[in-house]
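This report concerns only the one structure given below.
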Amino acid sequence: MGDERMKQNPFSLYDFLGYLVPGAVFLCAVVVLRRIAQQPVSWSALLVPFDVLGKVQFFVPLVLLAYVVGHLLSFISSITVERYAIWTLGYPSRYLLGNRPGRFLCPLKARKARAAIRIFTAVLLAPASGIEGIAAWLGFRPLYAKPLDPLLRHCIKQKVNGFASTMYDLSGLPLAKPDEERDFFRLVYHYALENAPAHVPKMQNYVALYGFTRTLVLEGVLLFWLAVTGSVFGLVPWRVGTSLAVMSALGAFVLYIDFIKFYRKFSLEATMALLAVWKGK
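To convert, take the position in the sequence shown, counting from 1, and add 752; that gives the working numbering.
Have a look at this one:
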C-alpha cells in the first residue's frame, strides 16, 4: 500500500480544492473589489483585469500565486474557523457520541490571553459565527451537528474501547468515556487508513471538501470586512458595499455549515471503517 501512495500524483485533490481554487477565488474577488473602488463601472468593465489570464506569460505566475495564497488562507482558516467550530461544538468524533463541549470561555477564566484569543476569533468570524449563533439559539444546531442514535453510539464506544485495550493495552483507560477529553480519533483514523482501503477514498474526499469549505468561509469573512471597510470610508458606493457585505455574510454562514457537515462526515466515515474492519471485542 505504501508503494501505491508513492506512485500517486503529488498534486492531490486536496491541493486543488484546498489551496489552488480558494486562492484563485480570493484573488479574483480582490481584483473585482479594487475595480469597484476605483470608479463606478459596468459589469463588462469588471472583466477587463482578467484579460491577462489569456496570456501565457501571466498564466503560470498567477497559478503559483493563487496556490501560495491558498496555502496561507488554508492555514489561517485552520486556526480560526476550525478552532472556533471545535470550541463551540466540540470535535465531531466526540459530539457524534453525545459528548458536549465545555463552555466557550468558562475553562479559560484563569487564562486571560487564551480567552482574549477566543473572543477575537469570534469577532473576526462574526459574519458566520453570529448567524450560526442565532441558528443555535433558535434550536437549529442539532440539524447540522447532531449526535448519532443511542444504539450506534453504544456500538462505537464498545468497539473503540475494545480496540484501545487490545491494540495499545489501555484496558483501564476507556477512550470513548463521556466528559473526558481524550484524543482517541487519531488512533481510529490511522488504523482505518491502513486497514480499510475501501473507506480511504471517501475519507480523502471529505478531507478535501472540509478543507475547501473551511478556507472559503474565511474568504467570505474577509470579503465581508473589506466591503464594510470600503463602505465606511467611502471607497465603494454604500449600496454596493452593503450588498457585497450581506452576500458575503450569508455565503460564509452557508459554507460554515457545509464545513461542519463534511468535518462530521469525515469523522463518521473513519469511525465506521473501524467498526467494519476491527474484529476484536
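Just so you know, even glycine gets a beta-carbon here, dropped at the ideal spot from N, CA and C. Model, not experiment: these values are computed from the prediction.
Using C-beta distances below 7 Å, list every residue in its chain close to LEU1027, excluding the 5 sequence neighbours before and after it, in chain order. For LEU1027, where only same-chain residues beyond five positions count, the Cβ hits under 7 Å are CYS907, ILE908, LYS911.
Beta-carbon proximity list for THR965, same chain, < 7 Å, skipping 5 on both sides: Here the set comprises LEU1007, ASP1010, PHE1011, PHE1014.
Do you know offhand how far GLU971's Cα is from VAL773's? Rounded to whole angstroms, GLU971 to VAL773 spans 12 Å at the Cα level.
Does the beta-carbon of ALA868 have 16 or more other beta-carbons within 10 angstroms, so that it is buried, or is it exposed? With a threshold of 16 other beta carbon atoms within 10 Å, ALA868 falls short and is exposed.
Take VAL833 and list the residues in its own chain whose beta-carbon comes closer than 6 Å to its own, dropping the five residues that flank it on each side. Annotation for VAL833: ARG966, VAL969, LEU970 place their beta carbon closer than 6 Å to its own, counting only its chain and skipping 5 residues before and after.
Report buried or exposed for MET919, applying the criterion of at least 16 other Cβ atoms within 10 angstroms of its Cβ. Around the beta carbon of MET919, fewer than 16 other beta carbons lie within 10 angstroms, which makes this residue exposed.
Check whether the Cβ atoms of ALA916 and ALA1025 lie closer than 8 Å to each other. No, these two residues do not count as a Cβ contact at 8 Å.
Looking at SER983 and TRP990, is the spacing between their C-beta atoms short of 8 Å? With respect to SER983, TRP990 sits close: the two C-beta atoms are nearer than 8 Å.
Taking all protein chains shown into account, do 16 or more other C-beta atoms lie within 10 angstroms of the C-beta of THR981, making it buried, or fewer, making it exposed? Under the 10 Å beta carbon count, THR981 is surrounded by fewer than 16 other beta carbons and is classified as exposed.
Cβ-Cβ separation, SER830 to SER1019 (assumed contact under 8 Å), whole Å: For a cut-off of 8 Å, the C-beta gap from SER1019 to SER830 is around 16 Å, too long to register as a contact.
Determine the contact status of GLY850 and PRO894, defining contact as a CB-CB distance below 8 Å. GLY850 places its beta carbon 8 Å or farther from that of PRO894.
With 16 as the cutoff for other CB atoms within 10 Å, does GLY993 come out buried or exposed? Buried, by the Cβ-count rule.
Starting from ASP1010, trace the alpha helix (DSSP H) both ways and give me its first and last residue. ASP1010 -> alpha helix (DSSP H) spans 990-1029.
Quick one: give me the first and last residue of the alpha helix (DSSP H) that HIS942 is part of. Element bounds for HIS942: 937-947.
Compare the C-beta of GLU946 against all C-beta atoms of chain D and say whether one is closer than 8 Å. No chain D is present in this structure, which holds just one protein chain.
Neighbourhood of SER1000 by C-beta, 8 Å cutoff - its chain only, sequence neighbours within 5 removed: Excluding the 5 residues flanking it on each side, SER1000 has same chain C-beta neighbours closer than 8 Å at PRO879, GLY972, VAL973, LEU975, PHE976, ALA979, in chain order.
For the alpha helix (DSSP H) that ALA953 lies in, which residues bound it at each end? Per the sequence presented here, residue 953 reads as Pro, with Ala not at that position. Membership of PRO953 in the alpha helix (DSSP H) is indicated by the continuous run 952-984.
Just how far apart, CA to CA, sit VAL821 and VAL959? Straight-line Cα distance between these residues: approximately 19 Å.
Would LEU816 pass as a contact of LEU779 if the rule is Cβ separation under 8 Å? Judged by their CB atoms, LEU816 and LEU779 are not nearer to each other than the 8 Å cut-off.
Just mark ARG938 as buried or exposed, buried being the case when its beta carbon has 16 or more other beta carbons within 10 Å. The residue is exposed, with fewer than 16 neighbouring Cβ atoms inside 10 Å.
Where GLY850 falls: helix, strand or coil (DSSP): In the structure shown, GLY850 sits in coil (DSSP, three-state: anything other than H, G, I, E or B).
Once DSSP output is grouped into helix, strand and coil, what is the label at ALA837? Helix, per DSSP.
Beta-carbon proximity of ILE788 to VAL988, cut-off 8 Å: The answer is yes: Cβ separation under 8 Å.
So, is GLU884 buried or exposed, given that buried needs 16 or more other C-beta atoms within 10 angstroms? It counts as buried.
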